[in-house]
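Quick note on numbering: the numbering used here labels position 26 of the sequence shown as 277, and the sequence is numbered without any gaps.
One structure below.
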Amino acid sequence: MILKKRVCDRAMLAKDPRFDGLFFIGVLSTGVYCRPICPARSAKPENIVYFPTAAAAAEAGLRPCLRCRPETSPGSPAWNGTSATVSRAMLLIRQGVLNEGNLENLALKLGVGGRHLRRLFQTHVGASPIALATTQKILFAKKLLNETQLPISQIAFASGFGSIRRFNAAFKKIYGKTPSAFRHPIKSNRMGEKALFRCKLTLSYRPPFDWQGMLDFFQSRAIPGVEFVEKGVYHRTIRINETTGMISVAHAAKDNALLLTTALSASRDLMPLV
252 MILKKRVCDR
262 AMLAKDPRFD
272 GLFFIGVLST
282 GVYCRPICPA
292 RSAKPENIVY
302 FPTAAAAAEA
312 GLRPCLRCRP
322 ETSPGSPAWN
332 GTSATVSRAM
342 LLIRQGVLNE
352 GNLENLALKL
362 GVGGRHLRRL
372 FQTHVGASPI
382 ALATTQKILF
392 AKKLLNETQL
402 PISQIAFASG
412 FGSIRRFNAA
422 FKKIYGKTPS
432 AFRHPIKSNR
442 MGEKALFRCK
452 LTLSYRPPFD
462 WQGMLDFFQS
472 RAIPGVEFVE
482 KGVYHRTIRI
492 NETTGMISVA
502 HAAKDNALLL
512 TTALSASRDL
522 MPLV
């Protein structure tokens, strides 16, 4: 995705929420990257570099801003203006194809060579497929640390890491601290195993967004026994791989966000769901 400096400059100065997640601002003087809507004072122009994705900023050696929290930005539509191959690859990466596989397996699924896929990602995403997958997992883990009471071990696996050791190492490499350093003390959970997989997440979006129109659409086409709308909230049963459960989605108009509540039989498919 090609970024136009003039457009990015204006969006950053205006803190325009319509550009949130469309690009990220690297501040070379502090070594962090931010969202366009970051409340911090804008850095000097000579210290600013724009990146199309959070992964590109991370691969340049920058850390996520702890104030504007890039992990809470709307999903970056990096497939807009990119090749169909990159679009499909990003979807597969989001679904966890690189959690257990490797780049060659991903390329094979897409019908291209690994070297060609890396070139496409550098052109359109600004980072390698592996870097994109790692950044997505770490940012999702940070979101779970901030917004849920899931144990760190469950957060590691829910974010797509095969072990807690790998999770801790990758997290510290990006944030400079261990995951436990970001976790506020919480009360012990005595509600049983299933309670571990109940969580509430805030999902930001770029306005405008016709929530009521979408809600009316779902309500008029609701499948009995599967989904329903009640008091402005959408409810649905789900199944992802072997994980089953229930989700509900409400609207927080003032925050330009949706409020997702999940109750899942397992945490491993939480990231593809979100």
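Every residue, glycine too, gets a C-beta built ideally from N, C-alpha and C.
Quick caveat: nothing in here was measured; it's all calculated off a predicted structure.
Review point. Counting along the chain, where does the alpha helix (DSSP H) carrying residue 424 start and finish?
Key: Looking at the DSSP string, the run of the alpha helix (DSSP H) that includes residue 424 is 415 to 426.
Exercise for review: Tell me, to the nearest whole angstrom, how far the beta carbon of residue 274 is from that of residue 285; I am working on the premise that it is less than 8 Å.
Suggested key: Taking a contact as a CB-CB distance under 8 Å, the pair residue 274 and residue 285 does not count as one, their CB atoms being some 10 Å apart.
Review point. Which runs of the beta strand (DSSP E), 3 residues or longer, sit entirely within the segment 266 to 313?
Key: You should have 275 to 278, 283 to 285 and 299 to 302.
Exercise for review: Write down every uninterrupted run of the beta strand (DSSP E) in the segment 454 to 524 whose length is 3 residues or greater and which is fully enclosed by it, in chain order.
Suggested key: Inside the segment 454 to 524, DSSP marks whole beta strand (DSSP E) runs of 3 or more residues at positions 478 to 481, 484 to 491, 494 to 503 and 508 to 515, from first to last along the chain.
Check your understanding: For residue 259, does the three-state DSSP call read helix, strand or coil?
Key -> Three-state result, residue 259: helix.
Exercise for review: Return the CA-CA distance between residue 498 and residue 515, expressed in angstroms with no decimal places.
Suggested key: Going by the C-alpha atoms only, they are around 8 Å apart.
Practice item. Closer than 7 Å by C-beta to residue 508: which residues in its own chain qualify, once you throw out the five before and the five after it? Chain order, please. Key: For residue 508, where only same-chain residues beyond five positions count, the Cβ hits under 7 Å are 453, 454, 455 and 456.
Point to revise | One or two residues paired with residue 402 in a DSSP bridge | key: In the DSSP assignment, no residue is bridged to residue 402.
Check your understanding: If you follow the alpha helix (DSSP H) that residue 337 is part of, which residue opens it and which one closes it?
Key -> 335 to 345 is the span of the alpha helix (DSSP H), which, as asked, contains residue 337.
Review point. Taking residue 279 as the reference, which of 288, 268 and 302 has the closest Cα?
Key: Measuring from the Cα of residue 279, the nearest candidate turns out to be 302.
Practice item. Mind reading off the beta-carbon distance from residue 268 to residue 459? Whole number of angstroms is fine, and I expect it under 8 Å. Key: The Cβ separation is near 10 Å, so there is no contact.
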